[in-house]
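Some notes on the structure that comes next.
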Amino acid sequence: MPELPEVETVVRGLRTALPGRSIVAVRLGKTDFIDDPVVLGESLPGRRIAGIERIGKYIHLQLAPDGAGRADSPSHLIVHLGMTGRLVVRAAHEPAPPHTHVFFQLDDGRELRYTDIRRFGRMFLAADAMVADLRGRLGVDALDISAEEFRRRLAGRRARIKALLLDQHVLLGVGNIYADESLWRARLHPARLAAKLSKQEIDRLRHALQRVLGEAIRLRGSSISDFVDSDGQPGGYQRWHRVYGRKGKPCCRCRAMVQRIIVAGRSSHFCPRCQPAPRTRHAASKPRRGKLKRR
DNA sequence: AGCTCTTCCTGAAAGC
DNA sequence: TGCTTTCAGGAAGAGC
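Take any residue in the first sequence, note its place counting from 1, add 5, and you have its number in the numbering used here.
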């Protein structure tokens, strides 16, 4: 599933292939994941791709100003890969895999293709203001966030740390795999409440997070089920997962059995020995004695 | 504020 | 063996 390292890998690949190319034609299959497929199909032909960047898990294709004089046409194509989305550049004559729903025919005989089995992805055209709005609603990129900013965003939050790591309004780019891997590395239980983490624990978590993300980018992402880069190649970081998908296997640090529980509605993998569970109020509280307050 | 549940979707894996 | 059920999850919205 594409998280920050996978999206970064795709963006770097697209950057070697797309800038300077123009979109000649657009062919669409199923379009229920596209905000306005008609406008997308009509306004992209003739547009030149100027650059590609990553906004969290979003892929942002910047389009050069419209040569046809339609000055008001949106100049940003935003793509979110969801769970199973793939953006691949291929020669136009090569057969496309099943569930390929968008074909951007390029002026060099190749095609940028969007394939998405489950169609959890999103695709839309955006004007400048919409991109600014998107950025404003989202948190700070997990790779860039400073220690101070990370502490500030977790301070006083009574949510579980796992929930906050996944919350794109807090931190950008982290999904289930890298949340679990970072928490293992920082030796923090996923159900710990953010407000109860010490400064040292928060700093340790940020360090673990950025290290895990950096290593994953170096290995071109994790391919669990569907992920491939813009050349169609899988990543390599899945071989280095320490807890994700390792339920029942020994912890790489202490040999205790890796467990899987649901935290914040997400399956969470952790080592019960390295990542001690928070004290629940239940277990800690003494039976109530004396008179109960009337209300 | 933050939790749980639901929805979207398909294919793999588990269960019978 | 072959069918049915369950599960996975990013994000948003509802309801509590």
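Ideal Cβ positions, reconstructed from N, Cα and C, are used throughout, including at glycine.
Residue i lies in the alpha helix (DSSP H); which residues open and close that run?
i	result
Met128	Looking at the DSSP string, Met128 is not in any alpha helix (DSSP H); the run it does join, the beta strand (DSSP E), is 127-131.
Gln205	204-223
Ile166	166-171
Leu45	42-48
Which residue comes first and which comes last in the beta strand (DSSP E) that contains residue i?
i	result
Leu92	90-96
Arg156	Here Arg156 belongs to no beta strand (DSSP E); instead the alpha helix (DSSP H) covers 152-159.
Leu66	63-68
Val29	28-33
His81	81-85
According to DSSP, what are the bridge partners of residue i?
i	result
Thr105	Thr120
His274	Arg265
Pro10	DSSP lists no partner for Pro10.
Arg115	Ala96
Please classify residue i: does DSSP put it in a helix, a strand, or coil?
i	result
Gly56	strand
Arg190	helix
Arg20	helix
Leu143	coil
Gln110	strand
Arg244	helix
Leu297	Reliability of the predicted coordinates at Leu297 is poor, the pLDDT of 32 falling under 50, and the value obtained from them is presented with this limitation in mind. Three-state DSSP puts Leu297 in coil, outside helix and strand.
Ile39	strand
For a quick check, are the C-beta atoms of residue i and residue j less than 9 angstroms apart?
i	j	result
Lys35	His106	yes
Arg162	Asp37	no
Gly56	Pro7	no
Ile229	Leu117	no
Pro79	Leu143	no
Ile83	Leu139	yes
Val145	Thr120	no
Leu210	Ser227	no
Ala184	Leu170	yes
Arg258	Cys279	yes
Glu206	Ala191	yes
Pro255	Val268	no
Arg91	Leu68	no
Ile122	Asp236	no
His98	Ile64	no
Leu214	Val179	yes
Arg17	Ile54	no
Pro277	Ala261	yes
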